[in-house]
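Undergrad: Going line by line, the protein sequences match chains A and B. Residue numbers for the first sequence follow numbering that gives the first Met the number 0, beginning at 0 and rising by one. Residue numbers for the second sequence follow numbering that gives the first Met the number 0, beginning at 0 and rising by one. Glycine residues also receive a C-beta, built at the ideal position from the N, C-alpha and C atoms. Computed from a predicted model, the values in this text were never measured in an experiment.
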Amino acid sequence: MSFNVLIVDDSSSMRSVIKKVVALSGFKMDQCYEAGNGKQALELLSKVWVDIILTDLNMPEMNGLEMLAALKGDSLLKEIPVIIISTEASDERRKAALEMGAKHFIKKPFSPEYVKKVLYEVIGVGDEGTYEGNERDNDGGDF
Amino acid sequence: MKEMKEIMMAAIFDAFERMFYVFLEPVGDGCSVYDVGASIKFSGVLKGELKIFASEGLAKSMVQNLLGVEGKDVKEQDIEDCIKEAANIICGNFLGRFDQTKVFDLTMPSFLRLPSETMKERDVCRLYFDSDGERFCAVLTLSD
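1) Name the DSSP bridge partner or partners of Phe41(B)?
2) So, does the region 80-97 of chain A touch the region 51-62 of chain A, judging by three or more C-beta pairs under 8 Å?
3) Closest to Asp50(A) by C-alpha separation, out of Asp8(A), Glu112(A), Lys77(A), Ala68(A), would be which residue?
4) Name, please, each residue of chain B whose Cβ falls closer than 7 Å to the Cβ of Pro108(A).
5) Within 10 angstroms of its Cβ, does Pro59(A) collect 16 or more other Cβ (buried), or is it exposed?
6) Relative to the alpha-carbon of Ile105(A), which residue among Leu23(A), Asn62(A), Ser24(A), Glu87(A) has its alpha-carbon at the smallest distance?
7) From what residue to what residue does the beta strand (DSSP E) around Tyr127(B) run?
8) Strictly below 9 Å CB to CB, what residues from chain B border Pro111(A)?
9) Less than 8 Å between the CB atoms is what I'm expecting for Ser54(B) and Tyr33(B), so what's the real figure, rounded?
10) How big is the Cα-Cα spacing for Lys101(B) and Ile6(B)?
11) Since Pro108(B) and Lys83(B) should fall inside the 8 Å C-beta cutoff, what is the C-beta to C-beta distance between them, to a whole number of angstroms?
12) Please state whether the Cβ-Cβ distance between Gly36(B) and Leu141(B) is less than 8 Å.
13) Could you pull the start and end residues of the alpha helix (DSSP H) that Cys30(B) belongs to?
14) Name the residue from Pro111(A), Val114(A), Leu67(A) whose alpha carbon lies nearest to the alpha carbon of Glu98(A).
15) Using a Cβ cut-off of 9 Å, which residues of the region 57-76 of chain A contact any Cβ in chain B, in chain order?
16) Counting only Cβ pairs nearer than 8 Å, list the residues of chain A close to Gly67(B).
17) In this structure, how does DSSP classify Leu75(A) when only helix, strand and coil are distinguished?
18) Under 8 Å, Cβ to Cβ, is there at least one residue of chain B near Met13(A)?
19) In the structure shown, what three-state DSSP assignment does Gln99(B) receive?
20) Along the chain, where does the beta strand (DSSP E) containing Leu139(B) start, and where does it finish?
21) Determine, for Leu23(B), whether the minimum Cβ-Cβ distance to residues of chain A falls below 8 Å.
22) Run the CB neighbour count on Gly132(B), radius 10 Å, all protein chains shown included, and call it buried at 16 or more, exposed below.
23) For Leu23(B), collect the residues of the same chain with a Cβ closer than 8 Å to its Cβ; drop the 5 residues on either side in sequence, then sort them by chain order.
24) Quick check: the Cα distance between Lys38(A) and Leu118(A), rounded to an integer number of angstroms?
25) Taking the straight line between their C-alpha atoms, what separation do you get for Leu49(B) and Met61(B)?
26) Taking just the CA atoms, how far does Val123(B) sit from Lys71(A)?
27) Helix, strand or coil for Gly128(A)? Go by DSSP, reduced to three states.
Structure below.
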């Protein structure tokens with residue numbers, strides 16, 4: 000089983016890094032789509048289906064929380080799990096994102112191992128791609 | 000002020016060692032001219048601006064390590080992206096260490112080419128680093 004991933008970040012370098020980290024983590028990725036902000040991500044999601052979204056918060060035009068709100072207001076897209084990857088990881092910001100429906104919050108800087116753990120937890124499969132349920136871990140998981 | 004410097008130092012080391020795989024050595028004083036830089040403003044219970052400056056060699060090393068590319072493949076846009084992301088990560092890391100319970104708003108980082116590191120009245124800390132002869136500097140300024 001492999002998954003389509005959408006990475007949303009205004010920094011093309013950071014998108015490359017996250018893509019590389021996801022690939023190096025061993026997560027079974029099929030297609031990897033990229034968007035530079037929330038607006039571009041929503042436009043992309045009108046054309047393609049993804050299994051999981053990894054997004055930054057601080058982006059121009061439409062930030063990560065605005066995109067998350069738009070996703071949760073869409074009957075089809077609201078089911079896509081969203082993981083926030085951001086430097087802005089105060090307790091309150093993290094709590095707000097999780098209450099809005101984000102599945103996890105990863106603080107930059109991060110390690111590939113941690114990203115892999117979060118990806119599999121959120122999507123509910125084990126390392127071998129077998130379904131293991133979808134138990135959430137809301138500890139925020141920074142280092 | 001000493002505490003601010005210590006927090007900023009820890010935030011810089013964390014970002015460089017875990018994201019850019021570059022080891023910096025603090026030095027007492029630095030030069031006033033750098034090749035690239037980035038600025039990011041923040042607001043909340045603490046309001047101000049962080050500026051970072053780097054020599055071109057260091058900026059290239061950061062890109063190479065971050066993206067896993069050869070030196071010849073490093074593009075200008077990569078350097079701009081990387082130095083802006085570094086400012087973002089260091090600033091977020093610093094604010095989280097300063098007070099994890101408070102929310103801060105960060106602006107989009109802006110890129111500075113051939114920045115001149117100028118002294119300001121409200122500088123809270125100014126840190127200089129060396130990495131194999133390459134230079135890095137961070138300047139934190141607070142405002143009301």
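TA: Well, looking at it:
1) Partner(s): Gly47(B), Leu105(B).
2) With a cut-off of 8 Å, the region 51-62 of chain A and the region 80-97 of chain A count as touching, because enough Cβ pairs lie within range.
3) When each option's Cα is compared against that of Asp50(A), the closest is Lys77(A).
4) Close partners of Pro108(A) in chain B (Cβ separation under 7 Å): Asp13, Ala14, Arg17, Met18, Ile88.
5) A residue is called buried when at least 16 other Cβ atoms come within 10 angstroms of its Cβ; Pro59(A) does not meet this threshold and is exposed.
6) When each option's Cα is compared against that of Ile105(A), the closest is Glu87(A).
7) Residues 122-130.
8) What Pro111(A) touches in chain B: nothing, since even the nearest Cβ is about 11 Å away.
9) Their Cβ separation, rounded to whole angstroms, is 6 Å, which keeps Ser54(B) and Tyr33(B) in contact under 8 Å.
10) If I take the Cα positions, the gap works out to 16 Å.
11) Contact flag correct, Cβ pair sits at about 4 Å.
12) Not a contact, by the Cβ cut-off of 8 Å.
13) First-last for Cys30(B): undefined, no H or E at that position.
14) It is Leu67(A).
15) Close to chain B, meaning a Cβ-Cβ distance shorter than 9 Å, are the following residues of the region 57-76 of chain A: Asn57, Met58, Pro59.
16) Here the neighbours are Lys19.
17) DSSP places Leu75(A) outside both helix and strand once states are collapsed to three, so it counts as coil.
18) Taking Cβ atoms only, chain B reaches closer than 8 Å to Met13(A), which makes this a yes.
19) Gln99(B): coil per DSSP, three-state reduction.
20) That run of the beta strand (DSSP E) goes 133-141.
21) Not closer than 8 Å to any Cβ of chain A, the Cβ of Leu23(B) fails to qualify, so no.
22) Per the 10 Å Cβ criterion, exposed.
23) Excluding positions up to five away in sequence, the list reads Ile11, Phe12, Phe15, Phe128, Asp129, Ser130, Phe135.
24) If I take the Cα positions, the gap works out to 23 Å.
25) Looking at the two C-alpha atoms, the distance is approximately 19 Å.
26) Cα to Cα, the separation comes out at about 42 Å.
27) In this predicted model, Gly128(A) has a pLDDT of only 49, less than 50, meaning its place in the structure is not dependable; the value taken from the coordinates is given anyway. In the structure shown, Gly128(A) sits in coil (DSSP, three-state: anything other than H, G, I, E or B).
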